[in-house]
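*Asks:* Mapping of the sequence shown onto the working numbering: residues 282 to 754, in sequence order.
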Amino acid sequence: MRSIAAKLWLTMVLLVALVLGLLGLTQAKAIKWTYYRLEAHRMVAEAEKLAGLLASGASPQAVGERVAFLSQVFRATVLVVDAAGRVQHCRGMGPWRHFGEGAVISGEDVAAVLAGKTICREGEHPLFQGVRLLWVGVPIRSGSVVAGGVFIYAPLASLEARVRGLEVTLVVALLGGVVLAGLLSLFVARHFSQRLVAMEKVAEAMAAGDYAARAVVTGQDEVARLAVSLNKLAVELEKRIAELKRMDAARRDFVAAVSHELRTPLSIIQGYTEAILDGMVTPEEMKLYLDTIREEVERLKRLTDELLDLRRLETGALKIQQEKLDLGEIARQVAARFQAAPEASKLHFQVEVSPVPLVLGDKDRLEQVIINLLDNAFRFTPAGGSVTLRIESAPEGVALTVQDTGPGIPPEELPYIWEKFYRSDKARARTTGGSGLGLAIVKQIVELHGGRVEVQSRPGEGSTFKVILPAAK
Numbered sequence: 282m283r284s285i286a287a288k289l290w291l292t293m294v295l296l297v298a299l300v301l302g303l304l305g306l307t308q309a310k311a312i313k314w315t316y317y318r319l320e321a322h323r324m325v326a327e328a329e330k331l332a333g334l335l336a337s338g339a340s341p342q343a344v345g346e347r348v349a350f351l352s353q354v355f356r357a358t359v360l361v362v363d364a365a366g367r368v369q370h371c372r373g374m375g376p377w378r379h380f381g382e383g384a385v386i387s388g389e390d391v392a393a394v395l396a397g398k399t400i401c402r403e404g405e406h407p408l409f410q411g412v413r414l415l416w417v418g419v420p421i422r423s424g425s426v427v428a429g430g431v432f433i434y435a436p437l438a439s440l441e442a443r444v445r446g447l448e449v450t451l452v453v454a455l456l457g458g459v460v461l462a463g464l465l466s467l468f469v470a471r472h473f474s475q476r477l478v479a480m481e482k483v484a485e486a487m488a489a490g491d492y493a494a495r496a497v498v499t500g501q502d503e504v505a506r507l508a509v510s511l512n513k514l515a516v517e518l519e520k521r522i523a524e525l526k527r528m529d530a531a532r533r534d535f536v537a538a539v540s541h542e543l544r545t546p547l548s549i550i551q552g553y554t555e556a557i558l559d560g561m562v563t564p565e566e567m568k569l570y571l572d573t574i575r576e577e578v579e580r581l582k583r584l585t586d587e588l589l590d591l592r593r594l595e596t597g598a599l600k601i602q603q604e605k606l607d608l609g610e611i612a613r614q615v616a617a618r619f620q621a622a623p624e625a626s627k628l629h630f631q632v633e634v635s636p637v638p639l640v641l642g643d644k645d646r647l648e649q650v651i652i653n654l655l656d657n658a659f660r661f662t663p664a665g666g667s668v669t670l671r672i673e674s675a676p677e678g679v680a681l682t683v684q685d686t687g688p689g690i691p692p693e694e695l696p697y698i699w700e701k702f703y704r705s706d707k708a709r710a711r712t713t714g715g716s717g718l719g720l721a722i723v724k725q726i727v728e729l730h731g732g733r734v735e736v737q738s739r740p741g742e743g744s745t746f747k748v749i750l751p752a753a754k
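This is the structure:
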């Protein structure tokens, strides 16, 4: 039996059958004892009535009729004796039929009753061999004197037949209870097992790599809460696996990007160097080739420096110098460099600096943040467009904003622009784009200063990068 529903159903049915069986056995014993006791009390009450009738001096005919009535009602032998144990009236079954009036009987029961005691016995009597009886004896009192006794001997066969009828009814009721309990337990077992089976299928799907499977949650009990926990686990695993896949893809892209960024300048340097060494170029071409080699070496140096900076930032090896700085003044100094660049003449470059509180940080690194953001804005904004650098107060401290009118970034790519070597335009030439490390470095530096960086962008409407830094205390 491997099914949990079958095990649960069998367990509940056996438990109910055991409980109802013990209860039925106890009830049968209690019913029998109670019934015999009630019958004995009734026999004693009727015997006392007959004793009262005899004590009142009723006529022998009235007494005889009462004796016959009790014998018929209880299907018993009714015996009346005087103070000497002499039989006065007798009606019923067994050997008492052979005793006529005037016969003397004796025994422990007769002696006890004539001594003034009321008796109640169950079992076999010497005068009724092989017959189980329930008998009572009641003294007949005349004032303070015991004038005789009344005895009623009822066979238990008729009583037991009635008790057995009650027991049969009880057994039928118990069997009906077991059947009903079995049906109900079957429903309950199937209800619980269906949810457990559903969770088992979800677990199997997760083990097979399908983390989108979910268990249907019904109810508020422990099984339902387990299903909720399993669904939460599936959601978390799905997120973690997706994140791991994304990180793995990013790692592969990173390696490919680094390889590409290194291979291209190295190929150029190798090709131009071989051409110069082979003497295949004129003096004018040699100067051009050497200038190109120098540019590629500088590009490699910048790439190496950025990779080292990013690595130190991510591992915490790069320590931030803590000093109070005027971010507006730093922005003016960086803006002056860009205004002197040839590209600035093709754009409308605005610098808006408002009085702001001081910030606590590293001057060189904050300069690097502004340089990287402006470099991206100048690179992507077409001729005739505008770039704005703004420094202003913010509720949380100081806000640094770089806004451009470039092509913008698609919404689906915004979460990934902070990754290393990520470029929204995969097809642009190397001369148009940087290394793809600038924004990743910006994010690391800003977070090391306790700030945050935000971006708003729509395709065709440009991009706005905002850096929020806490004010110095």
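The beta carbon of each residue, even a glycine, is placed where N, CA and C say it ideally should be.
(1) Just mark Thr712 as buried or exposed, buried being the case when its beta carbon has 16 or more other beta carbons within 10 Å.
(2) Could you tell me whether the Cβ atoms of Gly609 and Gly689 are closer together than 8 Å?
(3) Suppose you measure from the CA of Ala428 to the CA of Val368; what does that come to, to the nearest Å?
(4) Hey, how far is the Cα of Leu518 from the Cα of Ile652?
(5) Assign Pro691 to one of three DSSP states: helix, strand, or coil.
(6) List in chain order: all unbroken beta strand (DSSP E) runs of 3+ residues lying wholly within the segment 527-613.
(7) Got a sec? Which residues, its chain only, sit under 8 Å from Leu511 by beta carbon, not counting five neighbours each side?
(8) Which residues bound the alpha helix (DSSP H) around Pro676?
(9) Measure the CB-CB distance between Val297 and Val459 and report whether it falls below 8 Å.
(10) Going by the DSSP bridge assignment, what does Leu360 pair with across the sheet?
(11) With DSSP as the reference, identify every bridge partner of Pro751, one or two as the case may be.
(12) Alpha carbon to alpha carbon, what distance is there between Lys605 and Lys644?
(13) Below 8 Å on the Cβ atoms is my guess for Leu628 versus Ser667; work out the distance and round it to an integer in Å.
(14) Give a yes or no on whether 8 Å exceeds the smallest Cβ distance from Arg372 to chain D.
(15) By Cβ distance below 6 Å, which residues in the same chain neighbour Ala332 in space, the five residues on each side in sequence not counted?
(16) Under three-state DSSP, which class holds Pro341?
(17) State the start and end residues of the unbroken alpha helix (DSSP H) segment that holds Arg646.
(18) Could you give the DSSP three-state label for Thr686: helix, strand or coil?
(19) Which two residues bound the contiguous alpha helix (DSSP H) that contains Leu395?
(20) Roughly how far, in whole angstroms, is the beta-carbon of Val640 from the beta-carbon of Gly687, given that I think they are within contact range, below 8 Å?
(21) Where does the unbroken beta strand (DSSP E) through Gln410 begin, and where does it stop?
(22) So, helix, strand or coil for Ala708, using DSSP?
(23) According to DSSP, which residues form a beta bridge with Thr669?
(24) So, Leu589 versus Pro546, is the Cβ gap smaller than 8 Å?
(25) If we ignore side chains and look at the alpha-carbon of each, how far apart do Leu695 and Leu718 end up?
(26) Indicate the three-state DSSP secondary structure (helix, strand or coil) for Arg739 in the structure shown.
(27) Below 8 Å on the Cβ atoms is my guess for Glu405 versus Leu414; work out the distance and round it to an integer in Å.
*Replies:* The short version:
(1) Annotation note: pLDDT 46 at Thr712 (below 50); position unreliable, coordinate value reported separately. Under this definition Thr712 is an exposed residue.
(2) Remark: C-beta atoms of Gly609 and Gly689 do not approach each other more closely than 8 Å.
(3) So the two alpha carbons sit approximately 12 Å from each other.
(4) When rounded, the distance between both Cα atoms is 39 Å.
(5) Coil at Pro691, not helix or strand.
(6) You should have 604-606.
(7) Sequence-distant partners of Leu511 (beyond 5 residues in either direction) whose C-beta falls short of 8 Å from its own C-beta, in its chain, are Met480, Val483, Ala484, Ala496.
(8) For Pro676, no alpha helix (DSSP H) encloses it, and the DSSP letter there is neither H nor E.
(9) A contact, by the Cβ cut-off of 8 Å.
(10) According to DSSP, which records beta bridges pairwise, Leu360 is partnered with Cys371, Phe432.
(11) Listed as beta-bridge partners of Pro751 by DSSP are Gly678.
(12) About 9 Å.
(13) Right, the Cβ-Cβ distance comes to about 6 Å (below 8 Å), so this counts as a contact.
(14) Looking at the structure shown, chain D is missing, and only one protein chain is on hand.
(15) Beyond the five residues adjoining it in sequence on each side, Ala332 comes within less than 6 Å, by CB distance, of Val419, Ile421, Val431 in the same chain, given in chain order.
(16) Three-state DSSP puts Pro341 in a helix.
(17) Under the DSSP assignment, Arg646 falls in the alpha helix (DSSP H) whose first and last residues are 644-661.
(18) Judged by DSSP in its simplified three-state form, Thr686 adopts coil rather than helix or strand.
(19) Taken as a continuous stretch (DSSP letters only), the alpha helix (DSSP H) holding Leu395 covers 389-395.
(20) 28 Å between Cβ atoms; not a contact.
(21) Its beta strand (DSSP E) spans residues 409-423.
(22) Reliability fails at Ala708, whose pLDDT of 42 lies under 50, so the model's placement of it is uncertain and the value that follows must be treated cautiously. Here DSSP, grouped into helix, strand and coil, assigns Ala708 to coil.
(23) According to DSSP, Thr669 shares a beta bridge with Gln631, Gln684.
(24) No. Outside cutoff.
(25) Per the coordinates, the alpha-carbon of Leu695 lies some 15 Å from the alpha-carbon of Leu718.
(26) Looking at Arg739 - three-state DSSP - the assignment turns out to be strand.
(27) Contact between Glu405 and Leu414 holds: CB atoms are separated by about 7 Å, below the 8 Å threshold.
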